[in-house]
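Below is one structure; the comments refer to it alone.
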Amino acid sequence: MKVRNWAGMGAAALGAVGTGLALKSVLPQRFITEQISTVQEEVPDNSTWPQIEVTFLRCGHVTLPEFLVVRGAASWAPHVNAYSAVLIRHPNGTFLYDTGFCSDIYAFLRNQSVLFRTLLGSFVFEQGLSSHLQQLEMKPDDLDFILLSHLHWDHVSGIPDLPGVRLCINRVEYDAAKSHASDRGITPLIWQLMGDNPHELFDCAGPAYMGFRSTYDLFGDGSLVLVPLPGHTPGNTGLFINRANGSRLFLVGDAVWSAENYIRPATMHPILWSMFTSDDASARQTLIDLHHFSQRHPEIPVIGMHDAHMQKAFMAVEEKRLIKA
Ligand SMILES: [Zn+2]
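Note that the numbering used here has the sequence shown beginning at 874, numbered continuously upward.
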């Protein structure tokens, strides 16, 4: 056989393998979720839950085809990923969970690589955090602290609008980010965005809660309960909000991008999943835990920090509730 024929056959074989892999990458992947979780949940004491106001502050978005967001969706339908902060007003303190974007975010991204700016920096900017606060007639000083779900650039990008406000960070997350400080290109950006803001580390060392293995009860009244949701990053941290004046909710950082991720359950497209997941096994376990949780508690919205659809739906209910009140 001539060399040209071998080359032709090789190319055809590689093409077939490539097509097969591309096809496989969008097909659903089996998750072991059959064994219904045997989690013993105590009914929480709601007598101490105060009134808490929750407001999503959307700062930007990116539109992706759905098959990239949910493996197995096999659809090009546009899916909006938001970049948001959440303003939480509890009688004992007012704070943000994550920070969206500062008004000057592009200046911080200017020195990043072309690859970074193309892949991650091509979002649509909508409204900076300082503008959101002004609209709410608030100043950065009105915030008692900022709680960070995890230390990725797009969750700390609003901090430059909030100089001096204390950052609360899961110790596991902080230590992991520190240990990668020298070998990940984007980590210096994260430290730059965090600026000189003082920080305080917390440990999720409290008892199991709602099927999650450990907790940190933020104000000690059972209304704001932090739980580890590892995998996306080592210390990605979720927040239960339990209140007297509206539905409970569960913010889950970047454990999911879309509710479909825990409903099916399904990861993102494998290429994105591997790019954005620090530990595959624990991230999958977290998805399974959220899948079981959402089945046990369909009444509690589980909302990822990029889940534009769920955030909008939640705010629509909140606005109606506030109009009635
Ligand atoms: Zn992230």
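Glycine residues also receive a C-beta, built at the ideal position from the N, C-alpha and C atoms.
Chain-order list of residues whose beta-carbon lies under 7 Å from that of residue i (same chain, five-residue window excluded)
i: Asp1017; result: Gly966, Thr967 and Phe968
i: Pro917; result: Gly1095 and Asn1115
i: Glu1192; result: none
i: Asp1090; result: Gly1079 and Val1098
i: Arg1044; result: Leu1074, Phe1075 and Asp1076
Burial state of residue i (16 or more Cβ within 10 Å)
i: Asp1162; result: buried
i: Leu1195; result: exposed
i: Ile978; result: buried
i: Val959; result: buried
i: Val987; result: exposed
i: Trp1064; result: exposed
i: Ile1144; result: exposed
i: Arg903; result: exposed
i: Ala880; result: Reliability of the predicted coordinates at Ala880 is poor, the pLDDT of 49 falling under 50, and no value is obtained from them.
i: Val1206; result: Limits of the chain in this structure are 874 at one end and 1198 at the other, which puts residue 1206 out of reach.
Same chain only: Cβ atoms within 8 Å of residue i, ignoring 5 sequence neighbours per side
i: His1072; result: Arg1039, Leu1040, Cys1041, Ile1042 and Tyr1047
Within 8 Å, strictly: CB atoms of residue i and residue j
i: Thr1106; j: His1025; result: yes
i: Ser1213; j: Asp1180; result: With the chain represented from 874 up to 1198, any question about residue 1213 goes unanswered, as that position is not in the structure.
i: Thr844; j: Gly1108; result: The shown model of the chain, from 874 to 1198, leaves out residue 844, and the question about it has no answer.
i: Val1129; j: Gly1111; result: no
i: Pro923; j: Pro938; result: no
i: Cys932; j: Tyr956; result: yes
i: Ser1087; j: Gly1079; result: yes
i: Leu1006; j: Cys975; result: no
i: Arg1166; j: Phe929; result: Per the sequence shown, residue 1166 should be read as Phe rather than Arg. No, Cβ-Cβ distance for Phe1166 and Phe929 is not below 8 Å.
i: Val935; j: Ile961; result: no
6 Å CB neighbourhood of residue i in its chain, flanking five on each side removed
i: Met1067; result: Val1029 and Ile1032
i: Phe1113; result: Val1098 and Phe1123
i: Leu842; result: A question about residue 842 goes unanswered here, because the residues of the chain that appear run from 874 up to 1198.
i: Ala1139; result: Val943, Arg944 and Gly945
i: Gly1037; result: none
i: Glu1172; result: none
i: Arg1169; result: none
Heavy atom of ligand 2 within 7 Å of residue i beta-carbon
i: Asp1180; result: For ligand 2, the structure offers nothing, since it holds only ligand 1.
The stretch 990-998 / the stretch 1009-1023 touching (three or more Cβ pairs under 8 Å): No, because fewer than three Cβ pairs between the stretch 990-998 and the stretch 1009-1023 fall closer than 8 Å, the two stretches do not touch.
Those runs of the alpha helix (DSSP H) which lie wholly inside the stretch 915-952 and span at least 4 residues: Complete alpha helix (DSSP H) runs here, min 4: 939-942.
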